[in-house]
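In our numbering, each residue's number is its place in the sequence shown (first place is 1) plus 8.
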Amino acid sequence: MLQPADIRREWPRIAAQVAAILQGDEETPEEVYAECRFGRAQLYRSADGFVVLKKYPREDTGRPELLLWLAHGEGGRDLLRQYQPQLIDIARAVGAATLAFRSRRRGFERLLDERWQLRAVEYQLKI
9 MLQPADIRRE
19 WPRIAAQVAA
29 ILQGDEETPE
39 EVYAECRFGR
49 AQLYRSADGF
59 VVLKKYPRED
69 TGRPELLLWL
79 AHGEGGRDLL
89 RQYQPQLIDI
99 ARAVGAATLA
109 FRSRRRGFER
119 LLDERWQLRA
129 VEYQLKI
């Protein structure tokens with residue numbers, strides 16, 4: 009189960025994974041830390057990894073969207089699939105109309121169920 013976590017306490021344990029996830033991206037680990045620290049994103053931990061979620065208005069509709077900004081599963085665990093029901097509940101709880109994630113890996117198209125739609129390089133699930 010995903011539980012909200014304090015970025016300040018968890019950072020020493022997750023900083024290396026955050027850096028690895030963001031390698032080659034424009035965003036930096038420091039930005040992730042700052043967004044969580046100042047309440048613009050939320051870290052969730054589980055026994056087998058972590059996710060960082062960020063709520064923002066969609067550019068095309070202005071409606072709230074919950075972005076699965078980062079995810080790290082120990083041993084390559086698929087946290088999106090494992091925790092999708094809970095992520096949907098979190099999205100609903102914060103008033104988001106959609107749940108989305110971005111990836112450079114197009115292979116997700118084969119892994120996601122039919123409720124997900126490819127939007128550029130961003131995958132979304134309507135809530």
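Beta carbons are placed, not taken as given, at the ideal position from N, Cα and C, and that holds for glycine.
Pick from the options that is closest to residue i, judged by C-alpha positions
i, options, result
"residue 54", "90, 134, 104 and 106", "90"
"residue 81", "121, 133 and 52", "52"
"residue 42", "25, 29, 33 and 60", "60"
"residue 71", "106, 24 and 16", "106"
"residue 104", "62, 17 and 73", "73"
"residue 110", "64, 78, 38 and 63", "78"
"residue 22", "9, 33, 38 and 32", "38"
"residue 102", "92, 87 and 135", "135"
"residue 47", "62, 35 and 36", "62"
"residue 26", "44, 100, 12 and 9", "44"
"residue 99", "65, 83, 121 and 31", "65"
"residue 9", "31, 121 and 95", "95"
Residue range of the unbroken beta strand (DSSP E) whose run includes residue i
i, result
"residue 53", "50–54"
"residue 59", "57–65"
"residue 11", "11–13"
Outcome for residue i when other beta-carbon atoms lying within 10 angstroms are tallied against a minimum of 16
i, result
"residue 132", "buried"
"residue 57", "buried"
"residue 40", "buried"
"residue 28", "exposed"
Unbroken alpha helix (DSSP H) run spanning residue i, endpoints
i, result
"residue 38", "37–45"
Cβ separation of residue i and residue j, assumed to be a contact under 8 Å, to the nearest whole Å
i, j, result
"residue 108", "residue 76", "7 Å"
Identify every run of the alpha helix (DSSP H) within the segment 74–106, keeping only runs that are complete inside it and at least 4 residues long; order them along the chain. 87–101
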